[in-house]
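Quick note: the sequence shown, position 2, residue -10 per our numbering, numbers continuous.
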Amino acid sequence: MAQSCNSQQRLIPLELKTWLYASGSLTQQLTDVAGGIFSVQPIQEHYKRLTFIDSQWMKMPHQHTSWVRESYLFGCDEQPWVKAKSIFPILSIHAKARLFKHIRNKPIGKFLFQRTDPQCERRVLFLEDGWTRQSCYTWHGCKFIVQETFLPAFEQFLKQQNMSK
């Protein structure tokens, strides 16, 4: 399913390269590029067992259950720009990260980067929906993964911006 960009024959589009490797809040970066417009549309929230790869990355037993939040992130277009998926192991949801379970249509970045600079490990992959960055955060002692897939509408927006410069 997921393949490392190193094993892919694909090249990362220039427009996306900066976004895939940027640090800091994607929420704020999307809001800035969209002229202050940003919204979150939740798709689903559910419990799921950690995958073996995700459990290894977070250094947790793979039999742990996690709470998963999936949503679309919108900028100034009608089409979503990013498909986001957050994976919170139960241990994190029962600790300080429990607030993320109740944020509804608010962005995770609004809380994650508020007065903190969480530790972050990052990997870039090409998945079925497009180029994706996965970030494993350590925030107030809680580990969780935030996966952000940049959708074709965002890539098109960036190309149009570059052409208008």
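All C-beta atoms, glycine included, are put in the ideal place defined by N, C-alpha and C.
Note that the coordinates shown come from a computational prediction; the quantities given were computed from them, not determined experimentally.
Give the range of the beta strand (DSSP E) segment to which residue i is assigned.
i	result
Glu3	Careful: Glu3 lies outside any beta strand (DSSP E), inside the alpha helix (DSSP H) at Leu2 to Tyr9.
Trp45	Looking at the DSSP string, Trp45 is not in any beta strand (DSSP E); the run it does join, the alpha helix (DSSP H), is Phe40 to Met46.
Gln29	Ser27 to Arg37
Ser59	Thr53 to Phe62
Can you tell me whether residue i is buried or exposed? The criterion is at least 16 other CB atoms within 10 Å of its CB, across all chains shown.
i	result
Pro77	buried
Phe145	buried
Leu(-1)	exposed
Lys71	buried
Lys147	exposed
Tyr125	buried
Leu2	exposed
Glu136	buried
Gly97	buried
Ile81	buried
Pro140	exposed
Straight-line CA distance for residue i to residue j?
i	j	result
Leu4	Glu143	7 Å
Phe46	Ser152	According to the sequence as given, residue 46 is Met; it is not Phe. Approximately 42 Å, taken between the alpha carbons.
Gln67	Ile75	24 Å
Arg103	His34	28 Å
Tyr60	Leu87	19 Å
Phe101	Gly12	7 Å
Ala85	Arg92	14 Å
His128	Pro49	20 Å
Ser73	Thr15	Reading the sequence as shown, one finds Lys at residue 73 and not Ser. Cα-Cα distance, rounded: 14 Å.
Ile41	Gln122	12 Å
Lys131	Val112	18 Å
Ile133	Asn150	31 Å
Phe62	Ala22	9 Å
Arg110	Trp7	12 Å
Leu38	Thr53	6 Å
Ser27	Lys36	26 Å
Ile25	Glu116	27 Å
Kindly indicate which three-state DSSP category residue i falls into: helix, strand or coil?
i	result
Ala141	helix
Lys94	coil
Arg86	helix
Phe99	helix
Leu(-1)	coil
Gln148	helix
What residue does the alpha helix (DSSP H) around residue i start on, and which one ends it?
i	result
Ser155	Here the chain comprises residues numbered -11 to 153, so residue 155 is not present and cannot be evaluated.
Gln16	Leu14 to Val21
In the DSSP output, what is residue i paired with across the bridge?
i	result
Thr126	Gln107 and Lys131
Trp119	Phe114
Ser74	Arg57 and Val134
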